[in-house]
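Notes follow once the structure below has been shown.
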Amino acid sequence: QKTSEIAILGEPSAQALAEVKVRSIVEKHHPGFAEKDVNFNNQAAAGFGVETMLLESELELIESRIELAKQLTGATGCSVEIAASRAFIAGMKTARALCQEYICWVNNGLQSHVPGLKRQDTAIRCKVDPELMDLPWLQQQLARLAIETSSVAFWDMEEGDTSSASRRLIFAGTVIAVRPGVVAGLLAKADALISKAEEYKEKKLSFEECCEADKAARKEQAEEVKGLFTNRFQEAWWEDRN
Numbered sequence: 011q012k013t014s015e016i017a018i019l020g021e022p023s024a025q026a027l028a029e030v031k032v033r034s035i036v037e038k039h040h041p042g043f044a045e046k047d048v049n050f051n052n053q054a055a056a057g058f059g060v061e062t063m064l065l066e067s068e069l070e071l072i073e074s075r076i077e078l079a080k081q082l083t084g085a086t087g088c089s090v091e092i093a094a095s096r097a098f099i100a101g102m103k104t105a106r107a108l109c110q111e112y113i114c115w116v117n118n119g120l121q122s123h124v125p126g127l128k129r130q131d132t133a134i135r136c137k138v139d140p141e142l143m144d145l146p147w148l149q150q151q152l153a154r155l156a157i158e159t160s161s162v163a164f165w166d167m168e169e170g171d172t173s174s175a176s177r178r179l180i181f182a183g184t185v186i187a188v189r190p191g192v193v194a195g196l197l198a199k200a201d202a203l204i205s206k207a208e209e210y211k212e213k214k215l216s217f218e219e220c221c222e223a224d225k226a227a228r229k230e231q232a233e234e235v236k237g238l239f240t241n242r243f244q245e246a247w248w249e250d251r252n
């Protein structure tokens with residue numbers, strides 16, 4: 011098979027960031043190429059470098075919706091690109107190791123309980139209906155919440171629950187560790203999204219209908235806030251007049 015070499019010039023960190031983008035493009039068009047690249051698989055830079063890791067195939071199918079690459083980038087400080095069920099990771103060694111650990115959690119959580127998650131860099135919401143995790147609207151909204159809070163969101167099974175009667179929703183990221191105060195707000199927003207998802211699921215709404223219902227609810231909420239502000243302003247104005 012004919013191959014070509016690509017030269018990437020610049021600072022070492024910039025080269026690594028460009029490399030993951032190039033490798034993801036190649037992998038997208040030629041799945042499995044990274045696995046055959048001996049030079050790439052043998053590199054393990056102690057400083058700023060690039061590594062790769064396989065994802066469960068079902069994650070690749072919903073990547074456009076969950077934007078796992080963006081989630082991992084925000085959660086670990088690495089630059090992450092995903093193509094053909096493979097993650098390409100650029101960053102410092104400790105950050106790459108953390109990113110790989112999070113990917114292991116995401117992979118394992120699809121089919122089992124992930125032990126040892128009660129750490130400073132995680133926030134957990136237990137007892138969630140497992141049918142909700144496959145709801146496209148909720149997948150998209152949780153991904154947006156994770157990206158906004160520089161974390162990665164994923165599911166796993168409750169400990170000792172072999173029947174998959176409920177799931178845990180986990181958020182992980184370095185920001186959670188350094189700013190533990192964000193946990194309460196993060197879980198509160200997640201609870202609100204889960205409540206909406208339960209309502210939409212009960213109504214058997216499609217993804218498009220869920221989006222329209224959420225848009226309408228947000229518009230109504232904005233009108234209520236605007237009306238409340240207007241009323242308070244008018245009351246204050248009359249008080250000043252009198």
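Per the working numbering: the sequence shown ends with 252, consecutive numbering throughout.
No residue lacks a Cβ here, since even glycine has one placed at the ideal position from N, Cα and C.
Within 9 Å, strictly: CB atoms of residue i and residue j
i: E169; j: F98; result: no
i: A133; j: I76; result: no
i: E9; j: L142; result: Here the chain comprises residues numbered 11 to 252, so residue 9 is not present and cannot be evaluated.
i: I16; j: Q81; result: no
i: R177; j: V138; result: yes
i: G101; j: G87; result: yes
For residue j and residue i, believed in contact at Cβ under 8 Å, the rounded distance
i: F181; j: L203; result: With a Cβ gap of about 12 Å, F181 and L203 do not count as contacting.
i: K41; j: A94; result: Note that residue 41 is Pro in the sequence shown here, rather than Lys. So it is a contact: roughly 4 Å between Cβ atoms.
Reduced DSSP category for residue i - H, G, I as helix; E, B as strand; rest coil
i: S14; result: coil
i: D201; result: helix
i: F217; result: helix
i: N189; result: With the sequence shown as reference, residue 189 is identified as Arg, and Asn is not the correct amino acid for it. Correct three-state label for R189: coil.
i: C114; result: helix
i: L120; result: coil
i: S34; result: helix
i: N51; result: The predicted position of N51 is uncertain, since its pLDDT is 47 and thus under 50; no value can be drawn from it.
Buried or exposed (CB count within 10 angstroms, at least 16 for buried), residue i
i: A79; result: buried
i: T83; result: buried
i: C114; result: exposed
i: I92; result: buried
i: L65; result: buried
i: C136; result: exposed
i: Q151; result: buried
9 Å Cβ cutoff, residue i in contact with chain B
i: K80; result: Given the protein chain composition of this structure (a single chain), no chain B is represented.
Next on the checklist: I want to know whether the region 140 to 148 touches the region 212 to 232 - three or more CB-CB distances under 8 Å.
Outcome noted: Enough Cβ pairs lie closer than 8 Å, so yes.
Checklist entry - Touch check for the region 155 to 164 and the region 174 to 194: three-plus C-beta pairs under 8 Å? => result Flag = yes, the region 155 to 164 and the region 174 to 194 touch.
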